[in-house]
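S.K.:
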Amino acid sequence: MTSLTILVTGGAGYIGTHTAVALAEAGFRVVLLDNFSNSEFSMVQALRSMVDQEVPFYEADCRNKSDLLRVFNTEKEKGHPISGVIHFAALKAVGESVEKPELYKSNNIGGTECLLEIMKEFGVHSLVFSSSCTVYGEPENIPVDERSPFLPSESTYGYTKQACEKLIENHAEENGEFSSALLRYFNPIGAHPSAIIGESPRGIPNNLIPFLCQAVAKLRGPLTVFGTDYPTKDGSCIRDYLHVMDLAEAHVKAIGYLFEIVKGKGCRAFNLGTGTGVSVLEVIDAFERVTGEKVPYTLGDRREGDVVAIWANAERAKEELKWETKRSLEQGLNDSWNWQQKLSEN
Ligand code: NAD
Ligand code: WQD
933 MTSLTILVTG
943 GAGYIGTHTA
953 VALAEAGFRV
963 VLLDNFSNSE
973 FSMVQALRSM
983 VDQEVPFYEA
993 DCRNKSDLLR
1003 VFNTEKEKGH
1013 PISGVIHFAA
1023 LKAVGESVEK
1033 PELYKSNNIG
1043 GTECLLEIMK
1053 EFGVHSLVFS
1063 SSCTVYGEPE
1073 NIPVDERSPF
1083 LPSESTYGYT
1093 KQACEKLIEN
1103 HAEENGEFSS
1113 ALLRYFNPIG
1123 AHPSAIIGES
1133 PRGIPNNLIP
1143 FLCQAVAKLR
1153 GPLTVFGTDY
1163 PTKDGSCIRD
1173 YLHVMDLAEA
1183 HVKAIGYLFE
1193 IVKGKGCRAF
1203 NLGTGTGVSV
1213 LEVIDAFERV
1223 TGEKVPYTLG
1233 DRREGDVVAI
1243 WANAERAKEE
1253 LKWETKRSLE
1263 QGLNDSWNWQ
1273 QKLSEN
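If you count by the numbering used here, then the sequence shown holds residues 933 to 1278, one letter each, in order.
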């Protein structure tokens, strides 16, 4: 049987590479595209070394129609037309998005618009979209479920995720055969347990775990815990940290769900998280326990724009995608640390 071809946009990035491995393991044929605005070709080579199929890669920009035409046409001519798309390609730095709103809108929203247009032209009707729990802002009820309203976003990044979800919903309404899974990730952490692929943030990391790992590796000064006077169990913020390989496997379930279950039935949003809220201080404690390393940290002021506490009600993904997280926080932290040690060696 010929396997179905899945195009992964942003396929050289953190979640894209891990998902490509999971897709290949599940028997899909994987094609990647990326413009390397936040990644490097070495990650494509690394993931190629992990799978037993050739993985075509295109240096291409989602905003560029002729780039996308080249990808869809070439694969079709090779006899492997693209059957579905997983769309990771986006800029994701929250702070930068506030400084460069037009860049974020044109890249994230413009890229999605262009992709939808080409998918329509080629009769590709299944799209898995990378959304974020950031669409909920500071939710009224936690754990937050998918019916929780979108609140005005603190950042342009968050706005682009809300806008893309609406764009995709409109596309589904206008195109009867189209369907999409809008996957709202909570906080992905970790790396592939082999430490062959992982996250390589550029510059000073904004996110907790990459900063923490670099602080432990003495590549940076101590971690600052942003805020210790929040109305939470220990005063620090609470998040839902899920392992990137669990997240990768959710994409495999989601694309299968679009092909087999909902064909042409519009859009469905899914929270992807563990369902458990963990504080920043608890993360530090778990990291020290699992790795045996001391985390250098100081207690600091609140970071502007931070949500106090959010974690997922992920029951819908469990019931409808048959997906739930299998890996622990400790496993995620350990895999992040192994990956950091490998990066430090190079
Ligand atoms: P990443 O930066 O590692 O990967 C994104 C990839 O997309 C990069 O390789 C980048 O070069 C590429 N890219 C960006 N714009 C492009 C364009 N116009 N054309 C082609 N390629 C382009 O980020 P990630 O953490 O893997 O995130 C993947 C997706 O998941 C993003 O859409 C992000 O917004 C979303 N997301 C991430 C998180 C997180 O914490 N990592 C949480 C929620 C949602
Ligand atoms: C986690 C917790 C910080 C750094 C961001 C985006 C969101 C989504 C995931 C893409 C918070 C605290 C952090 C540090 C700290 N991305 N922290 N010291 O803010 O939950 O979400 O990434 O969609 O849209 O906003 O993740 O990793 O930055 O922070 O104390 O040096 O760690 O205050 O409580 P966040 P994060």
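Here a beta-carbon is modelled for each residue, glycine too, at the ideal position from N, C-alpha and C.
Since this is a predicted model, take the numbers as computed values, not measurements.
Would you call the stretch 1159-1177 and the stretch 1221-1238 in contact, with 3 or more CB pairs under 8 Å?
M.R.: yes
S.K.: So the candidates are VAL1194, ALA1127 and LEU1144; which of them puts its Cα closest to the Cα of MET982?
M.R.: Position 50 of the sequence shown, counted from the start, is the residue given in the question as residue 982. Per the Cα distances, ALA1127.
S.K.: Is it the case that the CB of ARG1152 approaches a heavy atom of the ligand WQD more closely than 7 Å?
M.R.: Locating residue 1152 in the sequence shown gives position 220, where the first residue counts as 1. No; taking the cut-off as 7 Å, the Cβ of ARG1152 has no heavy atom of the ligand WQD nearer than that.
S.K.: Whose C-alpha, out of GLY1069, GLU1220 and SER1038, is nearest the C-alpha of PRO1084?
M.R.: Looking up residue 1084 in the sequence shown gives position 152. When only C-alpha atoms are compared, the closest one is GLY1069.
S.K.: Please list, in chain order, all residues of the same chain as ARG1259 whose beta carbon is under 6 Å from its beta carbon, the five residues on each side excluded.
M.R.: Locating residue 1259 in the sequence shown gives position 327, where the first residue counts as 1. Within the same chain, and ignoring the five residues on either side of ARG1259 in sequence, the residues whose Cβ sits closer than 6 Å to its Cβ are HIS1175 and ASP1178.
S.K.: May I ask you to list the residues that DSSP assigns as paired with VAL1060?
M.R.: If you number the sequence shown from 1, residue 1060 lands on position 128. Answer is ILE1018 and ALA1113.
S.K.: Would you call the stretch 1207-1227 and the stretch 1128-1139 in contact, with 3 or more CB pairs under 8 Å?
M.R.: no
S.K.: Is the beta carbon of TYR946 within less than 7 Å of some heavy atom of the ligand NAD?
M.R.: For the purposes of this step, residue 946 is taken as the residue at position 14 of the sequence shown. Flag set: Cβ of TYR946 near the ligand NAD.
S.K.: Could you give the DSSP three-state label for CYS1199: helix, strand or coil?
M.R.: The residue labelled residue 1199 in the question sits at position 267 within the sequence shown. It is a strand residue.
S.K.: Who's in the neighbourhood of the ligand WQD, going by beta-carbon under 6 Å from any heavy atom, listed in chain order?
M.R.: LYS1024, VAL1026, SER1064, THR1066, ASN1119, ASN1138, ASN1139, LEU1140, PHE1143, LEU1155, THR1156, VAL1157, PHE1158, CYS1169, ARG1171, VAL1212, ARG1235 and ASP1238
S.K.: Rounded to a whole number of angstroms, what is the C-alpha to C-alpha distance between MET933 and VAL976?
M.R.: As a first step, residue 933 is located in the sequence shown; it is residue number 1 there, counting from the start. As a first step, residue 976 is located in the sequence shown; it is residue number 44 there, counting from the start. In this prediction, MET933 has a pLDDT of 47, which is less than 50 and means its spatial position is unreliable; what the coordinates show is noted afterwards. Spanning the two alpha carbons is a distance of roughly 26 Å.
S.K.: Beta carbon of TYR1117: closer than 7 Å to some heavy atom of the ligand NAD?
M.R.: Your numbering for residue 1117 matches position 185 in the sequence shown. For the ligand NAD, at least one heavy atom lies less than 7 Å from the Cβ of TYR1117.
S.K.: Return yes when the C-beta of PHE1219 is under 7 Å from any heavy atom of the ligand NAD, and no when it is not.
M.R.: One-based indexing of the sequence shown puts residue 1219 at position 287. No; taking the cut-off as 7 Å, the Cβ of PHE1219 has no heavy atom of the ligand NAD nearer than that.
S.K.: Assuming CYS1046 contacts LEU1000 (C-beta within less than 8 Å), just tell me the rounded distance between them.
M.R.: Residue mapping note: residue 1046 aligns to position 114 of the sequence shown, counting from 1. Residue mapping note: residue 1000 aligns to position 68 of the sequence shown, counting from 1. About 6 Å separates the two Cβ atoms, so the contact holds.
S.K.: Do you know how far the Cα of GLY1108 is from the Cα of GLU1053?
M.R.: Along the sequence shown, one-based indexing puts residue 1053 at 121. Along the sequence shown, one-based indexing puts residue 1108 at 176. A direct Cα-to-Cα measurement between GLU1053 and GLY1108 gives close to 14 Å.
S.K.: Quick one, are the C-beta atoms of LEU1059 and LEU1204 less than 8 Å apart?
M.R.: If you number the sequence shown from 1, residue 1059 lands on position 127. If you number the sequence shown from 1, residue 1204 lands on position 272. No, the Cβ-Cβ distance between LEU1059 and LEU1204 is not below 8 Å.
S.K.: I need the straight-line Cα distance from ILE1129 to ALA1218, nearest angstrom please.
M.R.: Taking the sequence shown and counting its residues from 1, one reaches residue 1129 at position 197. Taking the sequence shown and counting its residues from 1, one reaches residue 1218 at position 286. Rounded to the nearest angstrom, the two C-alpha atoms are 23 Å apart.
S.K.: With hydrogens ignored, establish whether the beta-carbon of ARG1259 is closer than 7 Å to any heavy atom of the ligand NAD.
M.R.: If you number the sequence shown from 1, residue 1259 lands on position 327. Taking 7 Å as the cut-off, one finds no heavy atom of the ligand NAD near enough to the beta carbon of ARG1259.
S.K.: Which residue marks the beginning of the beta strand (DSSP E) containing PRO1120, and which one marks its end?
M.R.: Translated into the one-based positions of the sequence shown, residue 1120 becomes position 188. Here the beta strand (DSSP E) through PRO1120 covers 1119-1121.
S.K.: Say yes only if the C-beta of CYS1145 is nearer than 7 Å to one or more non-hydrogen atoms of the ligand NAD, and no if none qualify.
M.R.: Sequence index remark: in the sequence shown, residue 1145 carries index 213 (1-based). For CYS1145, the CB stays at least 7 Å from every heavy atom of the ligand NAD.
S.K.: For the alpha helix (DSSP H) that contains GLY1188, what are its first and last residues?
M.R.: As a working note, residue 1188 is residue 256 in the sequence shown. Counting along the chain, the alpha helix (DSSP H) containing GLY1188 begins and ends at 1176-1192.
S.K.: Which residue's Cα is closest to the Cα of VAL1076: ASP1172, SER971, GLY1224 and LEU1190?
M.R.: Residue mapping note: residue 1076 aligns to position 144 of the sequence shown, counting from 1. For VAL1076, the closest of ASP1172, SER971, GLY1224 and LEU1190 by C-alpha to C-alpha distance is ASP1172.
S.K.: Going by beta-carbon coordinates alone, are ALA1147 and LEU1155 separated by less than 8 Å?
M.R.: Counting from one through the sequence shown, the residue named residue 1147 turns up at place 215. Counting from one through the sequence shown, the residue named residue 1155 turns up at place 223. Going by C-beta atoms, ALA1147 is nearer than 8 Å to LEU1155.
S.K.: With DSSP collapsed to three states, give me the class of ILE1074.
M.R.: Taking the first residue of the sequence shown as position 1, residue 1074 is located at position 142. The three-state secondary structure of ILE1074, taken from DSSP, is coil.
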